[in-house]
Ligand code: 5AD
Ligand code: SF4
């Protein structure tokens, strides 16, 4: 931890907080845990950032736009009377830029990395004395040993981080630098957290990790277990109806995990398995350590285990040196895989990564055009997937209110959103619905009324 006494200024006393998370689901999880910890310390969650004494910006560094957003957000925290709340920058921008943030944005009081946010209360105390508080350590003692146990949850679907960091070093990616080396949380800790979430009203848990399927640990009997073993153990928790996991790396997709998709009832038929590019030449330059063929072969085995599985992925267009031919190969792999939804991005050079120094950077106009073509194809596939559910019956978990009176929005096992009018139902209910129509992004359903016995 370091402090800088040159930039003293009076700060609000810090009784209410507002946490805003950007980027991936792991950041959402971290943001929730920071909030739970601050509440545990006696602070109140504020509805808006305008009312909060402390604003935590939990940032993402994965692409340029995400990082730039932080600085414009910091600027917007200045209030009409010229004052600012206490400002903490957390997450991967904090980790990557550290001290630089205080230089660029002097109104920032606290900078805290993703492995150090359990020290936020101490950092707040330092900031209250008018010192800058910066902590981007990756301490050997885990934050999970210190964070309070999970309280009652506001939503029926919760995230649970089981694995952090990455050892894969894809040449475009900052994650190995901002999140550190791969670590798996211990078995017992995860099972306890899952039980606490279910006791707090959660029905669906999404296990999170940068490479979640690389998770491994000993179980309570001292046996080595992979993610499939953990999923089977969580499946035995009463009241936990649905289990999901994300994000997976093709090289860690074990047969055990694939088999779990055919015989673990609560494991949902959805797999997010990024391929990034359809060209073996580009995959090699990306240091992905799998090929298009090995990726498609995994999908085949997954579909054999669970024929109705919905597939999702991530794509980068315009990686340095990507030719028209390489890009056509990406469209080809999309056609072969047939996704229910997918995420696609223009390549963004990240300082300190090997790809940022490659001298074959692609022109922005070419990236724009490629992204448009890729997204058109992915949108088409998503709409097709949704249309196949039209006319079918399925079960949804209600997650939020809809815009219309009596309308609720829930998710199918395949993670598609369904809008349904169900005035007597409430968030957290599992409902049997008939799908009446399909749109490009969501479905309309109606309640299936059970006959009275
Ligand atoms: N540029 C563009 N996209 C990136 N991703 C990761 N790093 C970059 C980058 N430098 C994408 C990958 C990854 C997802 C989380 O973000 O597709 O799977
Ligand atoms: Fe980044 Fe590659 Fe690790 Fe995913 S596997 S977090 S893309 S380095």
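Numbering (this note's numbering), first residue to last: 75 to 527.
A virtual CB, placed ideally from N, CA and C, is assigned to each residue, including glycine.
Bear in mind the structure is a predicted one, so any value in this text is a computation, not a measurement.
Top-ranked residue by Cα proximity to residue i, from the options
i	options	result
residue 332	385, 203 and 297	385
residue 235	209, 263, 250 and 245	263
residue 204	238, 393 and 183	183
residue 151	167, 122 and 321	122
residue 395	338, 216 and 355	355
residue 167	128, 382, 208 and 153	208
residue 282	406, 459, 103 and 246	103
residue 411	213, 377, 119 and 226	377
residue 157	127, 446 and 144	127
residue 148	135, 155, 131 and 154	131
residue 512	196, 459, 502 and 498	459
residue 327	518, 351 and 379	379
residue 222	450, 267, 240 and 442	267
residue 325	159, 521 and 371	371
residue 255	238, 114, 518 and 334	238
residue 488	500, 225 and 456	456
residue 510	500, 501 and 522	522
residue 303	286, 319 and 334	334
residue 404	448, 270, 135 and 434	448
residue 406	433, 367 and 248	367
residue 230	116, 519, 503 and 478	503
residue 373	408, 363 and 362	408
residue 402	443, 91 and 518	443
residue 292	155, 483, 215 and 261	261
residue 154	135, 173, 242 and 125	125
residue 500	201, 446, 90 and 228	228
residue 505	265, 319 and 485	485
residue 136	107, 310 and 250	250
residue 463	433, 480 and 508	508
residue 461	201, 519 and 220	519
residue 274	225, 498 and 220	225
residue 269	160, 329, 364 and 233	233
residue 91	482, 120 and 213	120
residue 173	89, 201, 159 and 210	210
Integer Cβ distance of residue i from residue j, believed to fall under 8 Å
i	j	result
residue 358	residue 314	With a Cβ gap of about 41 Å, residue 358 and residue 314 do not count as contacting.
residue 245	residue 429	4 Å
residue 393	residue 369	Incorrect: roughly 16 Å between the Cβ atoms, too far for contact.
residue 109	residue 93	5 Å
residue 360	residue 350	6 Å
residue 317	residue 344	Between residue 344 and residue 317 the Cβ distance is about 10 Å, and since that is not below 8 Å, they are no contact.
residue 353	residue 400	4 Å
residue 175	residue 185	5 Å
residue 133	residue 105	No, residue 133 and residue 105 are not in contact; Cβ-Cβ is about 10 Å, not under 8 Å.
residue 118	residue 195	About 15 Å separates the two Cβ atoms, so there is no contact after all.
residue 248	residue 424	5 Å
residue 284	residue 321	7 Å
residue 289	residue 301	5 Å
residue 311	residue 272	6 Å
residue 305	residue 338	6 Å
Residue i at chain C interface by Cβ criterion, 7 Å
i	result
residue 312	In the structure shown, chain C cannot be found, because there is only a single protein chain.
Evaluate contact between the segment 386 to 394 and the segment 415 to 434, counting only Cβ atoms and requiring at least three cross-stretch pairs below 8 Å. yes
Environment of the ligand 5AD in chain order, Cβ to heavy atom below 6 Å: 136, 137, 246, 247, 348, 350, 388, 390, 419, 421, 422 and 424
Any alpha helix (DSSP H) of 4 or more consecutive residues that is wholly inside the segment 336 to 422: 354 to 359, 366 to 379 and 398 to 411
Counting pairs of beta carbons, one from the segment 137 to 149 and one from the segment 92 to 110, are three or more of them closer than 8 Å? yes
I'd like the ranges of any beta strand (DSSP E) spanning at least 3 consecutive residues and lying wholly in the segment 118 to 205. 128 to 133, 160 to 164 and 184 to 186
Could you tell me whether the segment 489 to 501 touches the segment 426 to 442, using the rule of 3 or more Cβ pairs below 8 Å? no
So which residues touch the region around the ligand SF4, with touch meaning a C-beta under 6 Å from any heavy atom? 240, 242, 243, 244, 247, 249, 250, 284, 285 and 323
Does the contact criterion of 3 or more C-beta pairs under 8 Å hold for the segment 179 to 198 versus the segment 155 to 169? yes
Decide yes or no for the touch test of the segment 494 to 507 against the segment 454 to 470: beta carbon pairs closer than 8 Å, at least 3 of them. yes
Please specify which runs of the alpha helix (DSSP H), each continuous and at least 4 residues long, are wholly inside the segment 290 to 326, giving them in chain order. 301 to 309
To test your reading of the DSSP string, which unbroken alpha helix (DSSP H) runs of 4 or more residues are found completely within the segment 95 to 121? 99 to 114
Length-filtered (3 minimum) beta strand (DSSP E) runs lying within the segment 446 to 500: 467 to 475, 481 to 485 and 491 to 495
Beta strand (DSSP E) runs wholly inside the segment 262 to 286, at least 3 long, in chain order: 278 to 282
Pick out the complete alpha helix (DSSP H) segments inside the segment 221 to 255, 4 residues or longer, and give them in chain order. 249 to 252
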